[in-house]
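J.: Input: one structure, supplied below.
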Amino acid sequence: MSQIKSSPIHLHQALAEVAWPFLSKIGCHYFQYLKVFKDGSFSFLTTQPTWEQYCIDLFHKTNKPAVYSHIDAHTLDKNTYTFLWEPNLPEEPVRLAREFNIAHGFTFVERHSDYYYMMGFAAPVTHHRAMDAYFNSLNDMHTFIQEFKHNQRKLINELDNNRICVPKSRQDCNLEKMLLTSNKHHLTPQERASIQGLAQGKSYKEIAITLGISHRTVETYLNRVRHRFNLHHKKELISLL
């Protein structure tokens, strides 16, 4: 079992180069890549290496879990959802993050049968309108995550090939709940409706009019599904229905 240690500096630099332009656009200063595997091991990288090192040092000094997640009755049957760190995560890690000026945390969850992602964003403590910024940028944030996973495969593969192993007692206490137990293709109502429109031969603009949303949002929904299931063709999308 490997000891937890900080990610190599070149990975932090690579993440910063990709993430900072987008983070500054939405008023954030923190992004985390976190992927937890079914054996409890995980890969982790943030744009704040000082905070990351503090978490590592704290792990070695305490017997607390290495990963915290959130799932409840409302999200148990969803393969994707979001949650605010406060009040959905334990008070202590949220408080410690604030001491490093990492606050107003917001996480995107994507669940699979063998692993799950928790991609997080956060802003400075003084950014009191951070929540408004998030909700006004939800589609852009989701697109950033999917493009990050697609375009940064070399970085991600290096992280995943050197993932962190911890004792069972230190793993995410929600590990079993977080892993999907069904092979069913989970689609949100809007994703399903967008694919149904495609199956009917409609254009993005026609689907958008039917759903009362913009054609860019329809495109975001369909790209989200493509990335989630690694699909490349229209007929593959339609086969999910």
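Using the working numbering, the first residue of the sequence shown is number 1225, and each one after it goes up by one. C-beta: ideal position from N, C-alpha, C; glycine also.
Once DSSP output is grouped into helix, strand and coil, what is the label at T1350?
T.: It is coil, neither helix nor strand.
J.: With DSSP as the reference, label H1328 as helix, strand or coil.
T.: Here H1328 sits in strand by DSSP.
J.: Return the CA-CA distance between I1326 and S1427, expressed in angstroms with no decimal places.
T.: Between I1326 and S1427, the C-alpha separation is close to 42 Å.
J.: Excluding the 5 residues flanking I1233 on each side, which residues of the same chain have their C-beta closer than 8 Å to its C-beta?
T.: P1273.
J.: Closest to M1402 by CA distance: which of A1238, C1252, Y1292, Q1256 is it?
T.: Nearest option by C-alpha distance: Y1292.
J.: Thinking C-beta only, is A1357 closer than 7 Å to G1251?
T.: Contact flag set, yes.
J.: May I ask which residues mark the beginning and end of the alpha helix (DSSP H) holding Q1414?
T.: Start and end: 1413-1423.
J.: Just checking my contact of I1369 with F1332 at CB under 8 Å: how many whole Å lie between their CB atoms?
T.: With a Cβ gap of about 6 Å, I1369 and F1332 count as contacting.
J.: Taking the alpha helix (DSSP H) that K1302 falls in, what are its first and last residues?
T.: That residue, K1302, is in no alpha helix (DSSP H); it is neither H nor E in DSSP.
J.: Assuming contact is defined by CB atoms lying nearer than 7 Å, are T1271 and Y1254 in contact in what I supplied?
T.: It is a contact, given that the beta carbons lie within the stated cut-off.
J.: Would you mind working out which of N1375, I1388, T1405 sits nearest A1219, comparing C-alpha positions?
T.: For the chain, the structure presents residues 1225 to 1465; residue 1219 sits outside this window and is missing.
J.: Q1256 bridges to which residues according to DSSP?
T.: Q1256 pairs with T1270, G1344.
J.: What is the C-beta distance between P1235 and L1379, in whole angstroms, given that I count them as a contact (C-beta under 8 Å)?
T.: In the sequence as presented, Pro is not what sits at residue 1235; that position holds Leu. Confirmed, about 6 Å.
J.: Helix, strand or coil: how does DSSP classify Y1292 here?
T.: Of the three classes helix, strand and coil, the one that applies to Y1292 here is coil, per DSSP.
J.: Rounded to whole angstroms, what is the Cα-Cα separation between R1335 and K1302?
T.: So the two alpha carbons sit approximately 8 Å from each other.
J.: Out of curiosity, what's the CA-to-CA distance linking E1460 and W1244?
T.: Computed Cα separation, rounded: 34 Å.
J.: Could you tell me which residues DSSP pairs with Y1339 in its beta bridges?
T.: Note: Y1339 sits in a beta bridge opposite F1261.
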